[in-house]
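Trainee: Here it is, the structure in full.
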Ligand SMILES: Cc1cc2nc3c(=O)[nH]c(=O)nc-3n(C[C@H](O)[C@H](O)[C@H](O)COP(=O)(O)OP(=O)(O)OC[C@H]3O[C@@H](n4cnc5c(N)ncnc54)[C@H](O)[C@@H]3O)c2cc1C
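In the working numbering, the protein residues as written are 134 to 588.
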């Protein structure tokens, strides 16, 4: 072929960036247009990872090296499926890779989930991470709050709720987040898991780190430390499970340090109802469970009502469909076979369409996992190319798609734009002795990226 293979990657989170990188360094002549809905790249590294995790946020630095590559063109502030349809994209690209991740909350089907004061964890994350799609204000008038779920997102939410606003002021949080957190009445956070310590989904480092704040007392009831045969086997088989159990055992037996804010980790308590009065949360009802030998639990019929005035449901994220791309609504993923998008009616691959990252396999795993995922998907794409299974687009010239976007009046944000926005956020932070302060408003992000745009 006398021209480069033209690939569109949709979603500039870690999965999309790793996929772009693998494509351009594959040895084939490939150029990538990396489409992103938000004005800024990096997906959940920017809008998911907690602000007090600067080491993880720092992964962005290594992704800079990828986005600097001349064969990769970042096209931000464009929602694929709306601003440009998937059929239209076929006119410009040989193949399209979807790496659209997840932002919504998975539903928790217990009574009371809709009450005022019952929040999806993702909504709170969107707020404190300054995502323009989410609320600028947050009601933190509850003194005692419940968090349902025992994964790292539950830990993030519990930690941000339990820490003081001043502890977070050194991070990149914007002013509206600091102002809200500084008015917080929260003094007790109760995290609930329906199974035991060996079944928790925490990673050891994040669980240990929970205890680093002088203002937060992490408390585990010794009665909640229990293992059955399957739990013991899980500890033997996985170092990570064993480390989590050891850390929890340590929390259960030590003397309190006398911190002002209490963070309780409860196990074997299955949330059955969020209790309300006048439409607002006034409590959480749980049923005590016990292990059945296989690592699963059954209810004991013993119920407890917890005095909490807000509940955060951290039971997982959920992906959204992209208009024009098959979607498995049950699993909330794009149906695929290792990365090749499948037509749900025939179960055959849809020519030229691929998926990677959370939209491919569901919202589990760390940033690092998206790399191996991207490898599988891009290998398939290149196999299809080399086997002649891709069909050539009508308008492969790089300029053609820009003309379409321009004709639609879309204020495209580019890599140079991110450089400008990055500099603007760093200079806002520098004035307060921090590394960065995030710009929240969508239009302000666009104009900071490209001052010549008028919004
Ligand atoms: C609250 C939270 C905290 C986390 N903390 C950590 C952590 O500390 N360490 C760690 O390793 N992992 C962490 N993770 C996991 C990590 O964020 C994910 O593994 C990773 O971000 C998944 O990458 P992705 O590229 O598939 O999706 P995403 O990061 O979600 O990126 C998808 C991108 O696609 C864009 N997009 C969506 N739809 C469209 C469209 N139609 N058109 C154009 N663009 C679109 C989105 O705007 C987004 O930028 C955390 C996750 C969450 C939710």
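A virtual CB, placed ideally from N, CA and C, is assigned to each residue, including glycine.
(1) Just verifying my parser: in three-state terms, what is the DSSP assignment at residue 261?
(2) Could you tell me the alpha carbon to alpha carbon distance between residue 486 and residue 457, rounded to whole angstroms?
(3) What residue range is occupied by the uninterrupted beta strand (DSSP E) comprising residue 339?
(4) Helix, strand or coil, according to DSSP, for residue 460 in the structure here?
(5) Give the single residue among 337, 182 and 280 whose Cα lies nearest to the Cα of residue 264.
(6) In the structure shown, what three-state DSSP assignment does residue 439 receive?
(7) Report the partner residues of residue 399 according to the DSSP bridge assignment.
(8) Classify residue 234 as buried or exposed, calling it buried when 16 or more other Cβ atoms lie within 10 Å of its own Cβ.
(9) Compute the beta-carbon to beta-carbon distance between residue 211 and residue 500, rounded to the nearest angstrom, for a pair I have assumed lies under 8 Å.
(10) Within a Cβ cutoff of 8 Å, which residues of the same chain sit near residue 385, ignoring the five residues on either side of it in sequence?
(11) Please work out which residues of its chain come closer than 7 Å, Cβ to Cβ, to residue 137, disregarding the five sequence neighbours upstream and downstream, and give them in chain order.
(12) Hey, would you say the C-beta of residue 462 is under 7 Å away from at least one heavy atom of ligand 1?
(13) I'd like the list of long-range same chain contacts for residue 373, defined as Cβ closer than 8 Å, with 5 residues on each side in sequence excluded.
(14) Three or more beta-carbon pairs under 8 Å between the segment 429–443 and the segment 248–260, yes or no?
(15) For my contact list, residue 207 and residue 511 are in at a C-beta cut-off of 8 Å; report their separation, rounded to the angstrom.
(16) Keeping to the same chain, check which residues put their C-beta closer than 8 Å to that of residue 343; ignore five residues upstream and five downstream.
(17) Am I right that residue 471 and residue 489 are in contact with their C-beta atoms under 8 Å? What's the rounded C-beta distance?
(18) Taking 7 Å as the line, does the beta carbon of residue 392 fall inside it for any heavy atom of ligand 1?
(19) In angstroms, rounded to a whole number, what distance separates the CA positions of residue 177 and residue 481?
(20) At 3 residues or longer, and completely inside the segment 261–328: list those beta strand (DSSP E) runs for me, N to C.
(21) Taking C-alpha atoms, which residue in 297, 228, 230 and 167 lies nearest to residue 200?
(22) Run the CB neighbour count on residue 497, radius 10 Å, all protein chains shown included, and call it buried at 16 or more, exposed below.
(23) Are residue 217 and residue 514 closer than 8 Å when you measure CB to CB?
(24) Under the assumption that residue 142 contacts residue 153 (Cβ atoms under 8 Å), give the Cβ distance between them as a whole number of angstroms.
(25) Provide the residue(s) that pair with residue 409 in DSSP beta bridges, ordered along the chain.
(26) Tell me, which residues are paired with residue 404 by DSSP?
(27) Measuring CB to CB, does residue 364 end up less than 8 Å from residue 284?
(28) Which residues does DSSP list as the beta-bridge partners of residue 482?
(29) Anyone know if the C-beta pair for residue 437 and residue 421 falls short of 8 Å?
(30) Helix or strand or just coil, what does DSSP make of residue 509?
(31) Classify residue 578 as buried or exposed, calling it buried when 16 or more other Cβ atoms lie within 10 Å of its own Cβ.
(32) Starting from residue 533, trace the beta strand (DSSP E) both ways and give me its first and last residue.
(33) Taking the alpha-carbon positions, what's the residue 187 to residue 465 distance?
(34) In this structure, how does DSSP classify residue 547 when only helix, strand and coil are distinguished?
(35) Hey, out of 418, 484 and 297, whose CA is closest to residue 313's CA?
(36) Could you compute how far the alpha carbon of residue 554 sits from the alpha carbon of residue 209?
Mentor: Checking against the coordinates, here is how it stands:
(1) If you number the chain shown from 1, residue 261 lands on position 128. Helix, per DSSP.
(2) What you label residue 486 is simply residue 353 of the chain shown in a count that begins at 1. What you label residue 457 is simply residue 324 of the chain shown in a count that begins at 1. Between residue 486 and residue 457, the C-alpha separation is close to 11 Å.
(3) The count along the chain shown starts at 1 and reaches residue 339 at position 206. No beta strand (DSSP E) contains residue 339, which is instead part of the alpha helix (DSSP H) from 337–342.
(4) If you number the chain shown from 1, residue 460 lands on position 327. DSSP places residue 460 in coil when its eight states are reduced to three.
(5) In the chain shown, residue 264 corresponds to position 131, counting from 1. Answer by Cα proximity: 182.
(6) By 1-based counting over the chain shown, the position of residue 439 is 306. Reduced to three states, the DSSP call for residue 439 is strand.
(7) Position 266 of the chain shown holds residue 399. The partner list for residue 399 (beta bridge, DSSP) reads 325.
(8) Locating residue 234 in the chain shown gives position 101, counting from the first residue. Residue 234 comes out buried.
(9) Taking the first residue of the chain shown as 1, we reach residue 211 at position 78. Taking the first residue of the chain shown as 1, we reach residue 500 at position 367. About 23 Å; that fails the 8 Å criterion.
(10) Taking the chain shown and counting its residues from 1, one reaches residue 385 at position 252. Excluding positions up to five away in sequence, the list reads 353, 354, 355, 357 and 358.
(11) Counting from one through the chain shown, the residue named residue 137 turns up at place 4. Excluding sequence neighbours, residue 137 sits near 162, 163 and 164.
(12) Walking along the chain shown from the start, residue 462 turns up at place 329. No, the beta carbon of residue 462 sits no closer than 7 Å to any heavy atom of ligand 1.
(13) Here residue 373 refers to the residue found at position 240 when the chain shown is read from its first residue. For residue 373, where only same-chain residues beyond five positions count, the Cβ hits under 8 Å are 336 and 337.
(14) yes
(15) Taking the first residue of the chain shown as position 1, residue 207 is located at position 74. Taking the first residue of the chain shown as position 1, residue 511 is located at position 378. Contact doesn't hold; Cβ gap of about 18 Å is too wide.
(16) Position 210 of the chain shown, counted from the first residue, corresponds to residue 343. Closer than 8 Å at Cβ, skipping near neighbours: 288, 291, 292, 349, 351 and 396.
(17) Here residue 471 refers to the residue found at position 338 of the chain shown. Here residue 489 refers to the residue found at position 356 of the chain shown. Between residue 489 and residue 471 the Cβ distance is about 10 Å, and since that is not below 8 Å, they are no contact.
(18) Walking along the chain shown from the start, residue 392 turns up at place 259. Residue 392: no, Cβ never under 7 Å from ligand 1.
(19) Numbered from 1 along the chain shown, position 44 holds the residue referred to as residue 177. Numbered from 1 along the chain shown, position 348 holds the residue referred to as residue 481. Straight-line Cα distance between these residues: approximately 31 Å.
(20) 277–281 and 321–325
(21) Looking up residue 200 in the chain shown gives position 67. Minimum Cα distance to residue 200 is reached at 167.
(22) Counting from 1 along the chain shown, the entry for residue 497 is found at position 364. Answer is exposed; the Cβ neighbour count stays below 16.
(23) Position 84 of the chain shown, counted from the first residue, corresponds to residue 217. Position 381 of the chain shown, counted from the first residue, corresponds to residue 514. Going by C-beta atoms, residue 217 is not nearer than 8 Å to residue 514.
(24) Numbered from 1 along the chain shown, position 9 holds the residue referred to as residue 142. Numbered from 1 along the chain shown, position 20 holds the residue referred to as residue 153. Yes, residue 142 and residue 153 are in contact; Cβ-Cβ is about 5 Å, under 8 Å.
(25) Position 276 of the chain shown, counted from the start, is the residue given in the question as residue 409. 414, per the DSSP bridge assignment.
(26) As a position in the chain shown, residue 404 is number 271, starting the count at 1. DSSP output for residue 404 lists 419 as bridge partner(s).
(27) Sequence index remark: in the chain shown, residue 364 carries index 231 (1-based). Sequence index remark: in the chain shown, residue 284 carries index 151 (1-based). No, Cβ-Cβ distance for residue 364 and residue 284 is not below 8 Å.
(28) Here residue 482 is taken as the residue at index 349 of the chain shown, counted from 1. Its beta-bridge partners are 475.
(29) By one-based count along the chain shown, residue 437 stands at place 304. By one-based count along the chain shown, residue 421 stands at place 288. Yes, they are a contact pair.
(30) Numbered from its first residue, the chain shown carries residue 509 at position 376. The answer is helix: DSSP assigns residue 509 an H, G or I state.
(31) One-based indexing of the chain shown puts residue 578 at position 445. So residue 578 counts as buried.
(32) Indexing the chain shown from 1 puts residue 533 at position 400. Taken as a continuous stretch (DSSP letters only), residue 533 belongs to no beta strand (DSSP E), being part of the alpha helix (DSSP H) at 531–540.
(33) The residue you call residue 187 lines up with position 54 of the chain shown. The residue you call residue 465 lines up with position 332 of the chain shown. C-alpha separation (whole angstroms): 30 Å.
(34) Within the chain shown, numbered from 1, the residue matching residue 547 stands at position 414. In the structure shown, residue 547 sits in coil (DSSP, three-state: anything other than H, G, I, E or B).
(35) Residue 313 sits at position 180 when you count from the first residue of the chain shown. When each option's Cα is compared against that of residue 313, the closest is 297.
(36) Translated into positions along the chain shown, residue 554 becomes position 421. Translated into positions along the chain shown, residue 209 becomes position 76. So the two alpha carbons sit approximately 12 Å from each other.
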